[in-house]
Amino acid sequence: LRRNFAVGQYFPFLSFRLPIVKAMSDAQWTLKVKIVSLDNDAITSKKGTKWNPGDCITLQIESHATINMAKQRVALIVSAHPKHQTLSFNGGEPLDEVLKLQDIEGIADGATIDLVVAVPPEPEAPPVEMSDDEGLVTTEEEELPPLPSSDLIGKELSDADMDKQGELKQAAQDALEDGDLKAAVAKFSEAVMLGGVSAMMMAKRAEMLLKQKRYKAAVADASLALELNPDSAKAFRARGKARRFLGEYEASASDFSQAQTIDYDDG
Numbered sequence: 602l603r604r605n606f607a608v609g610q611y612f613p614f615l616s617f618r619l620p621i622v623k624a625m626s627d628a629q630w631t632l633k634v635k636i637v638s639l640d641n642d643a644i645t646s647k648k649g650t651k652w653n654p655g656d657c658i659t660l661q662i663e664s665h666a667t668i669n670m671a672k673q674r675v676a677l678i679v680s681a682h683p684k685h686q687t688l689s690f691n692g693g694e695p696l697d698e699v700l701k702l703q704d705i706e707g708i709a710d711g712a713t714i715d716l717v718v719a720v721p722p723e724p725e726a727p728p729v730e731m732s733d734d735e736g737l738v739t740t741e742e743e744e745l746p747p748l749p750s751s752d753l754i755g756k757e758l759s760d761a762d763m764d765k766q767g768e769l770k771q772a773a774q775d776a777l778e779d780g781d782l783k784a785a786v787a788k789f790s791e792a793v794m795l796g797g798v799s800a801m802m803m804a805k806r807a808e809m810l811l812k813q814k815r816y817k818a819a820v821a822d823a824s825l826a827l828e829l830n831p832d833s834a835k836a837f838r839a840r841g842k843a844r845r846f847l848g849e850y851e852a853s854a855s856d857f858s859q860a861q862t863i864d865y866d867d868g
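This is the structure:
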C-alpha cells in the first residue's frame, strides 16, 4: 500500500536544507551595466579595451554585494581601476561604495546601472604672474632624471614590456594621487626607460617634475616631448611654467603663446 507522509517527518534534514538552497538562488542577481562614457586614459591594460560607450556589460553578482564589490567585478571586465569608476542608478548621484545593492531603492535583479570611467582632472595650476621675480629659483637642483635615447624612444615593446609599462604608469598615478611626488616620478621614469616613448609621456613627466620644483628637468622633458610632437600644447605649457621660474621670461612667454595658439587651432 502506498502511504502519504511529510518529507520532514521521515527526513528531517531536508526540511531545513531546501529553503537554504532557495535563498542562495534568490540572492544571485543579474545586472546590466551600461557604459555611459569611457576615458581611455583610465584603462589599465596597454592593449586597451574592447568596450565602448553605449555598450552593456552583464554582471552576475550577489544581492548583498557592495558597490565597491561591483566595481571590482567591472574592473576585471573593462580593465579600469575601481577608483576611476562611477556607478549611478536612474540618473541619480554617484552610488556610495559601501552601499549594498539590495539596500538601494529601485535596484533589483535585472536592473540597469550606469557606469562612467574617467581619470579625475588634475587641479588647475594658478595663473603664472610674469611681472616680478617672486618664486624665482636660484638654488641648485638635484640631478636630472635620465632621458631616453633615440633607440629607446623608437623601441617596439613586447607584450610583456607593454604590460609592465602600464603597471608602472598606474603605480605612478597612484603615488601622484597619494601626494608622493618622489615615488610618482621614480615609477614613471621606470616606465619611460622601458622604451616606446611618446610625446605625451615626456610631457606628463615634465608636469610631475614641475610639482617637485625641478624646473631644469621639466624643461628638458618638455623639450624632448616637443621634438617628438611639435604641436604638444601640454609640453609648451609645462616648459613655459618652468622657464618662468628659471627667469627665462621671454622664452616662457613664447611657450605660453605657442600653447595658446595650438589650443585655439584645436578648438
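When we follow my numbering, the leftmost residue of the sequence shown carries the number 602, and every step to the right adds one.
Each residue gets a CB set at the ideal place from its N, CA and C atoms; glycine is no exception.
Considering only C-alpha positions, which residue in the set the options is nearest to residue i?
i, options, result
"W652", "V634, S855, Y850", "V634"
"P695", "V675, V717, I708, A676", "V717"
"I662", "P654, A709, G655, D697", "A709"
"A785", "G797, G796, A772, L795", "A772"
"M801", "S853, Q861, I754, A776", "I754"
"A719", "E743, V699, S680, S751", "S680"
"S759", "A819, L795, P749", "L795"
"Q673", "F690, K648, V699", "V699"
"M803", "I863, A776, P831", "P831"
"K684", "G797, N691, A643", "A643"
"K701", "D864, E778, N669, I863", "N669"
"R815", "G797, L660, L782", "L782"
Within 10 Å of its beta-carbon, does residue i have 16 or more other beta-carbons around it, so buried, or fewer, so exposed?
i, result
"E851", "exposed"
"A671", "buried"
"G848", "exposed"
"K623", "Model confidence at K623 stands at a pLDDT of 44, short of 50, so the residue's coordinates are unreliable; what they give is reported in the following sentence. Exposed."
"M731", "Bear in mind that the predicted position of M731 carries a pLDDT of just 48, short of 50, making it too unreliable to give a figure here."
"V793", "buried"
"Q774", "buried"
"G780", "exposed"
"P721", "exposed"
"H665", "exposed"
"D715", "buried"
"G693", "exposed"
"P747", "exposed"
"A761", "exposed"
"K842", "buried"
"S853", "buried"
"L677", "exposed"
"M625", "Confidence is the limiting factor: at M625 the pLDDT is only 44, short of 50, which leaves the residue's position unreliable, though a coordinate-based value still follows. Under this definition M625 is an exposed residue."
What is the C-beta distance between residue i and residue j, in whole angstroms, given that I count them as a contact (C-beta under 8 Å)?
i, j, result
"Q813", "F837", "20 Å between Cβ atoms; not a contact."
"F789", "M763", "Going by Cβ atoms, the distance from F789 to M763 rounds to 16 Å, so no, they are not a contact pair."
"A807", "A823", "4 Å"
"L829", "S799", "7 Å"
"T650", "G767", "About 12 Å separates the two Cβ atoms, so there is no contact after all."
Out of curiosity, what's the CA-to-CA distance linking residue i and residue j?
i, j, result
"E706", "T713", "13 Å"
"T667", "Q703", "9 Å"
"A839", "E757", "27 Å"
"Q629", "P654", "27 Å"
"D787", "K770", "Reading off the sequence, residue 787 comes out as Ala, not Asp. Their backbone Cα atoms lie some 10 Å apart in a straight line."
"I658", "I636", "8 Å"
"A826", "D697", "40 Å"
"E744", "S689", "47 Å"
"D752", "K648", "22 Å"
"R844", "N641", "31 Å"
"A776", "A821", "23 Å"
"L639", "D656", "10 Å"
"E778", "F846", "24 Å"
Once DSSP output is grouped into helix, strand and coil, what is the label at residue i?
i, result
"I583", "Since the first residue shown for the chain is 602 and the last is 868, residue 583 is missing from the structure and cannot be characterised."
"I863", "helix"
"D832", "coil"
"I921", "Limits of the chain in this structure are 602 at one end and 868 at the other, which puts residue 921 out of reach."
"K647", "coil"
"S858", "helix"
"Q766", "helix"
"I681", "Per the sequence shown, residue 681 should be read as Ala rather than Ile. A681: strand per DSSP, three-state reduction."
"I668", "helix"
"S799", "coil"
"Q629", "strand"
"E694", "coil"
"Q686", "strand"
"K817", "helix"
"V793", "helix"
"V786", "helix"
"V718", "strand"
"V675", "helix"
Please determine whether the Cβ atom of residue i lies at a distance below 8 Å from any heavy atom of the ligand GTP.
i, result
"R845", "No copy of the ligand GTP appears in this structure; indeed no ligand is present at all."
Could you tell me whether the Cβ of residue i comes closer than 9 Å to any Cβ of chain B?
i, result
"A785", "The question asks about chain B, but that chain is absent: this structure has only one protein chain."
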